[in-house]
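Student: I am attaching a structure below and will ask some questions about it afterwards.
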Amino acid sequence: MDFIQVDTYDLILLFLGVAILIASLFPRFLTKHVVTAPIVYLLLAIIVFMFFEDNPLPGFTKDPYWGKRLTEMGVIISLTSAGLKLRNPFSWRTWQYSFRLLIITMPLTIIAVFFLGWIGLGFAPATAMLLGAVIAPTDPVLASDVQTSSPSKKDNSHTRLALTTEAGLNDGLAFPFTNLAIAMALLGAHPSNWFWDWLWMDFFYKIIAGTLIGWTSGWLLYKTIPLFPKPKSKKLAASIGILSLSLTLIPYGLAEIASSYGFISVFVAACVFRNQEKSGKYLETLHDFSEEMEKILIVVLFSLVGIYLSHEFIDDFQWYMVPTAFLVVMLIRPISGYLALIQTPLPQKKRWIIAFFGIRGIGSLYYVLYAFNQADFEQQAELFALLLVIIVFSLLIHGLSAKPVFDWLLKKNN
1143 MDFIQVDTYD LILLFLGVAI LIASLFPRFL TKHVVTAPIV YLLLAIIVFM FFEDNPLPGF
1203 TKDPYWGKRL TEMGVIISLT SAGLKLRNPF SWRTWQYSFR LLIITMPLTI IAVFFLGWIG
1263 LGFAPATAML LGAVIAPTDP VLASDVQTSS PSKKDNSHTR LALTTEAGLN DGLAFPFTNL
1323 AIAMALLGAH PSNWFWDWLW MDFFYKIIAG TLIGWTSGWL LYKTIPLFPK PKSKKLAASI
1383 GILSLSLTLI PYGLAEIASS YGFISVFVAA CVFRNQEKSG KYLETLHDFS EEMEKILIVV
1443 LFSLVGIYLS HEFIDDFQWY MVPTAFLVVM LIRPISGYLA LIQTPLPQKK RWIIAFFGIR
1503 GIGSLYYVLY AFNQADFEQQ AELFALLLVI IVFSLLIHGL SAKPVFDWLL KKNN
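1143 is the number of the first residue of the sequence shown in the numbering used here; add one for each residue after it.
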């Protein structure tokens, strides 16, 4: 009789427990280093699970549902955190640069990556459009090192503010183009099959409805503040934690029920709440609670990605994916980002920094899994492997360079 029977599920729980412990200790030991936490979780998962003969979990492309749900939670919690950081979320100064990134850089990126995928890589039109759509959003989850500081700290950096506001909103604005790719996969590539329905429903209605739901729910949740314990109460942290979850889940749930865009709704709700809560008595606790939840989800998500990289990825990987990742991260995003910032008062070095730090990550993963859950795409496994190469490349390049670059900016008082 075997007294010790090892179940794969128990091993995964043990691994996640150790990884979460590392996450809690990470800031203490590596604050002066350039290595970022997601890199550590990714490498740890690859090293551990490469010794498993088979993937202990369902593959992302074969069963996208749970991967979609986990990435979804990671993104909406991060969007709440990003919205709460904005000191003046509805002033033109806050959006003067990110507005250009949203209306110029994002469409240019989608178009450039679409043609790269369709003409350069030979993807079907729907698959190429999906690649462009999921690559377009910058990531609010992994961009904490380049975002503006927490609500209680002053941060006058134009670069951090632009990257925070861009990541906060373009995750929601990528939805119409992801839905466009889904329509192409289901109905055919010719625009006559889907254009008007897509334009009315996926572009106008869902963006407007998501914005209105976020605005209303953020304002109503702010009005619940008098019901919470006084700031000196010991129950404050727990109560604000509940409020943080509500500020994330209520706008998202309402927006999804209304068939609109929950990502936009969550970010707008957090911005409205931040704009109303001028005293700041609750903001820091609320923001910190969101960030702690975000850290745990990053551990889980990058552990799952590491498991995939140690198994299915080996079969799906092709060498063309490496130079493609270089093109997307080092050329397409920086050039399209810089073009958007021409004729702004920003110094040239700041323009290049904002253009360069277009981090790709969990948001892109969510969108591709969402699309896989809605329709079948040609070259699906190949597309997913390529996306992972781009994300890992972005994680390494941006993760290793963020601290030195922004430390240098701080010394220059920028």
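Every residue, glycine too, gets a C-beta built ideally from N, C-alpha and C.
For K1210, which three-state DSSP category applies?
Tutor: Taking the sequence shown and counting its residues from 1, one reaches residue 1210 at position 68. If DSSP states are grouped into helix, strand and coil, K1210 belongs with the helices.
Student: Exposed or buried, F1519, counting other C-beta atoms within 10 Å across all chains shown (16 or more means buried)?
Tutor: Position 377 of the sequence shown holds residue 1519. Looking at its Cβ environment, which holds 16 or more other Cβ atoms inside 10 Å, F1519 is buried.
Student: If A1224 sits next to T1306, beta carbons under 8 Å apart, how far is it from one beta carbon to the other, in whole angstroms?
Tutor: Along the sequence shown, one-based indexing puts residue 1224 at 82. Along the sequence shown, one-based indexing puts residue 1306 at 164. Between T1306 and A1224 the Cβ distance is about 6 Å, and since that is below 8 Å, they are a contact.
Student: Could you name the residues of the same chain whose beta carbon sits closer than 7 Å to that of L1483, not counting the 5 residues immediately before and after it, in chain order?
Tutor: Counted from its first residue, the sequence shown places residue 1483 at position 341. For L1483, where only same-chain residues beyond five positions count, the Cβ hits under 7 Å are Y1239, R1242, R1493, I1496, A1497.
Student: Quick check: what's the CA-CA separation for V1447 versus L1184?
Tutor: Walking along the sequence shown from the start, residue 1447 turns up at place 305. Walking along the sequence shown from the start, residue 1184 turns up at place 42. Their backbone Cα atoms lie some 7 Å apart in a straight line.
Student: Looking at the secondary structure, which residues open and close the alpha helix (DSSP H) in which S1452 lies?
Tutor: Numbered from its first residue, the sequence shown carries residue 1452 at position 310. From DSSP, S1452 is part of no alpha helix (DSSP H); its letter is neither H nor E.
Student: If F1317 and F1405 are in contact, beta carbons under 8 Å, what's the gap, nearest whole angstrom?
Tutor: The residue labelled residue 1317 in the question sits at position 175 within the sequence shown. The residue labelled residue 1405 in the question sits at position 263 within the sequence shown. Right, the Cβ-Cβ distance comes to about 7 Å (below 8 Å), so this counts as a contact.
Student: T1150: buried (16+ other C-beta within 10 angstroms of its C-beta) or exposed?
Tutor: For this step, residue 1150 is matched to residue 8 along the sequence shown. Exposed is the call here.
Student: Cutting at 6 Å between CB atoms, please list the residues of its own chain near M1143, excluding the five before and the five after it.
Tutor: Counting from one through the sequence shown, the residue named residue 1143 turns up at place 1. Low confidence applies to M1143: its pLDDT is 44, below 50, so where it sits in the model is not reliable enough to give any reading.
Student: Would you mind stating whether I1188 and L1451 have Cβ atoms separated by less than 7 Å?
Tutor: One-based indexing of the sequence shown puts residue 1188 at position 46. One-based indexing of the sequence shown puts residue 1451 at position 309. Taking 7 Å as the Cβ cut-off, I1188 and L1451 qualify as a contacting pair.
Student: Tell me, please, whether the region 1351-1367 touches the region 1391-1408 by the rule of three or more beta-carbon pairs shorter than 8 Å.
Tutor: Counting Cβ pairs under 8 Å, three or more are found: they touch.
Student: Within the chosen definition, does the region 1190-1210 reach the region 1425-1442 through at least 3 CB pairs nearer than 8 Å?
Tutor: Too few Cβ pairs lie closer than 8 Å, so no.
Student: Can you have a look at R1416 and say buried or exposed, based on whether 16 or more other CB atoms are within 10 angstroms of its CB?
Tutor: What you label residue 1416 is simply residue 274 of the sequence shown in a count that begins at 1. Buried, since its Cβ has 16 or more Cβ neighbours within 10 Å.
Student: For P1279, I'd like the list of residues in its chain whose CB is within less than 6 Å of its CB, leaving aside the five on either flank, ordered along the chain.
Tutor: For the purposes of this step, residue 1279 is identified with residue 137 of the sequence shown, where counting begins at 1. Same-chain partners within the cutoff: N1312, D1313, A1316, G1505.
Student: Where do the ends of the alpha helix (DSSP H) carrying N1417 lie?
Tutor: As a working mapping, residue 1417 is identified with position 275 in the sequence shown. 1404-1418 is the extent of the alpha helix (DSSP H) around N1417.
Student: Rounding to the nearest angstrom, what Cα-Cα distance links T1390 and R1502 in this structure?
Tutor: For the purposes of this step, residue 1390 is identified with residue 248 of the sequence shown, where counting begins at 1. For the purposes of this step, residue 1502 is identified with residue 360 of the sequence shown, where counting begins at 1. Approximately 22 Å, taken between the alpha carbons.
Student: Whose C-beta lies closer than 6 Å to the C-beta of F1191 among residues of the same chain, with five residues either side of it excluded?
Tutor: Taking the first residue of the sequence shown as 1, we reach residue 1191 at position 49. Excluding positions up to five away in sequence, the list reads I1449, S1452.
Student: Which residues in the same chain have their Cβ closer than 6 Å to the Cβ of T1269, if we skip the five residues on either side of it in sequence?
Tutor: Looking up residue 1269 in the sequence shown gives position 127. So the qualifying residues of the chain are F1519, E1520, Q1521, L1525.
Student: Note down the Cα distance separating N1556 from S1299, rounded to an integer number of angstroms.
Tutor: The residue labelled residue 1556 in the question sits at position 414 within the sequence shown. The residue labelled residue 1299 in the question sits at position 157 within the sequence shown. Residue placement at N1556 is flagged as unreliable, the pLDDT there being 48, under the threshold of 50; the coordinate-derived value follows with that caveat. Cα to Cα, N1556 sits roughly 6 Å from S1299.
Student: Return the chain-ordered list of same chain residues with a C-beta closer than 6 Å to the C-beta of L1538, the five sequence neighbours on each side being excluded.
Tutor: One-based indexing of the sequence shown puts residue 1538 at position 396. Once the five neighbours on either side are set aside, L1538 has no close Cβ partner at all.
Student: Cβ atoms of L1212 and M1443: under 7 Å apart, would you say?
Tutor: As a working mapping, residue 1443 is identified with position 301 in the sequence shown. As a working mapping, residue 1212 is identified with position 70 in the sequence shown. For clarity, residue 1443 is Leu in the given sequence; the question names Met instead. Against a cut-off of 7 Å, the Cβ pair of L1212 and L1443 comes out as a contact.
Student: Is N1118 helix, strand or coil by DSSP?
Tutor: Any property of residue 1118 remains undetermined from this structure, which presents the chain solely from 1143 to 1556.
Student: Could you give the residue range of the alpha helix (DSSP H) that holds V1190?
Tutor: Within the sequence shown, the letter at position 48 stands for residue 1190. Unbroken alpha helix (DSSP H) run through V1190: 1179-1191.
Student: Please return the same chain residues whose Cβ sits closer than 7 Å to the Cβ of A1161, not counting the five positions on each side in sequence.
Tutor: In the sequence shown, the residue the question calls residue 1161 occupies position 19. Answer for A1161: Y1183, L1186, V1441, S1445, listed in chain order.
Student: Can you tell me where the alpha helix (DSSP H) holding F1202 begins and where it ends?
Tutor: By 1-based counting over the sequence shown, the position of residue 1202 is 60. No alpha helix (DSSP H) contains F1202, which DSSP labels as neither H nor E.
Student: Just the C-alpha distance for M1343 and Y1207, rounded to the nearest angstrom, thanks.
Tutor: On the sequence shown, residue 1343 is found 201 positions in, with the first residue counted as 1. On the sequence shown, residue 1207 is found 65 positions in, with the first residue counted as 1. Straight-line Cα distance between these residues: approximately 24 Å.
Student: Could you tell me the alpha carbon to alpha carbon distance between V1470 and T1178, rounded to whole angstroms?
Tutor: For this step, residue 1470 is matched to residue 328 along the sequence shown. For this step, residue 1178 is matched to residue 36 along the sequence shown. Approximately 21 Å between the Cα atoms of the pair.
Student: Quick one: give me the first and last residue of the alpha helix (DSSP H) that A1253 is part of.
Tutor: On the sequence shown, residue 1253 is found 111 positions in, with the first residue counted as 1. In the sequence as displayed, the identity of residue 1253 is Ile instead of Ala. Its alpha helix (DSSP H) spans residues 1248-1257.
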